[in-house]
Amino acid sequence: MKTNIKKYAIAIALFFSINASNAQAGFSGGLMGGLSMGAVEINDLDQAFSNNIKGDLYGFEAGLYAKFMLDPFYIKPMALYNFRSGSVDYNDASNNSQHSDITLHKLEIPVLLGLHLVGPLNIEAGPVYNYLISVTDRYNSQTVDVGRNGLGYRFGANLELGGLTLGLSYQGAAYTSGSGNASFYEPYKVVLGLGIRLGGAGDEE
Numbered sequence: 043m044k045t046n047i048k049k050y051a052i053a054i055a056l057f058f059s060i061n062a063s064n065a066q067a068g069f070s071g072g073l074m075g076g077l078s079m080g081a082v083e084i085n086d087l088d089q090a091f092s093n094n095i096k097g098d099l100y101g102f103e104a105g106l107y108a109k110f111m112l113d114p115f116y117i118k119p120m121a122l123y124n125f126r127s128g129s130v131d132y133n134d135a136s137n138n139s140q141h142s143d144i145t146l147h148k149l150e151i152p153v154l155l156g157l158h159l160v161g162p163l164n165i166e167a168g169p170v171y172n173y174l175i176s177v178t179d180r181y182n183s184q185t186v187d188v189g190r191n192g193l194g195y196r197f198g199a200n201l202e203l204g205g206l207t208l209g210l211s212y213q214g215a216a217y218t219s220g221s222g223n224a225s226f227y228e229p230y231k232v233v234l235g236l237g238i239r240l241g242g243a244g245d246e247e
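Residue 53 in our numbering sits at position 11 of the sequence shown, and the numbers go up by one each step.
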């Protein structure tokens, strides 16, 4: 797992450094962060559970973004670290209600296609690659293993106000379960985000 994380980190660093060094008038980049809330669900469990594990999590995301202008469109790849925690409910094999805490750490790489509408308003949407760095795997003394790689989507709207971007996004993801693993889902996640432009297009506006 550590080897995979290092590969992703190197690829992300090269991506942003190469594009930053070749920044033209149609390029900008900066920092992105936000507060998030949403649901998680774990399905395809063994006989130690009589239903699915479900709950709501709250947390934050933070990372980098790049933006390539193709007026009135743009392409915006991002590399984000996401942390969330909360609680989940489920029933054991005897159908008794159980309650557990859960935390997750993950890497997200959205690649969004955006459209400038009017004034500072933009809309954007696109696919998201998700990698679970770690997630709680003990519930009622039972171990639950889930797939680490997931694909999802993200869409939303934002306002660009000078060097700041205020946005609201909706996201979902499903993770590849693999042999012997339970199925992990994020049915929805809502993110209230803030971006800070550090350089590129718009510096002279």
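For each residue, glycine too, the CB sits at the ideal point set by N, CA and C.
All of these numbers come straight from a predicted model, not from anything done at the bench.
Asked	Found
Burial state of Thr218, where buried means 16 or more other Cβ atoms lie within 10 Å	exposed
Rounded separation between Ala108 and Gly71 - CA only	4 Å
Beta-carbon contacts of Gly128 that lie in its chain and below 7 Å, excluding the five residues immediately before and after	Gly97, Asp98, Leu99, Tyr100, Ile144
Local conformation of Asn64 per DSSP, three classes	Since pLDDT at Asn64 reaches only 45, below the 50 mark, its modelled position is unreliable, and no value is offered.
Delimiting residues of the beta strand (DSSP E) encompassing Ala215	206 to 217
Through-space distance from Ala199 to Leu236, alpha-carbon basis	12 Å
Nearest-angstrom Cα separation, counted from Gln213 out to Gly76	13 Å
Under 7 Å between C-beta atoms of Tyr173 and Arg190	yes
Own chain, CB closer than 6 Å to Val36, minus 5 neighbours either side, in chain order	Look at the range of the chain in this structure, 43 to 247, and you will see that residue 36 is not part of it.
Simplified DSSP state of Ser139, which is helix, strand or coil	strand
Whole-number beta carbon distance between Ala216 and Gly194, since they are thought to touch under 8 Å	7 Å
Cβ neighbours of Leu73 in the same chain (closer than 8 Å, five flanking residues each side left out)	Ala104, Gly105, Leu106, Tyr107, Gly237, Ile238, Leu240
Contained beta strand (DSSP E) runs [length at least 3] in the stretch 91 to 121, N- to C-terminal order	95 to 112
Between the CA atoms of Tyr116 and Phe125 - distance to the nearest angstrom	28 Å
Segment limits, beta strand (DSSP E) that includes Asn223	That residue, Asn223, is in no beta strand (DSSP E); it is neither H nor E in DSSP.
Continuous beta strand (DSSP E) stretch holding Asn182: start and end	Note, Asn182: premise wrong, no beta strand (DSSP E); not H, not E.
Stretch-stretch touch, CB-based, cutoff 8 Å, three pairs: the stretch 152 to 165 with the stretch 129 to 141	no
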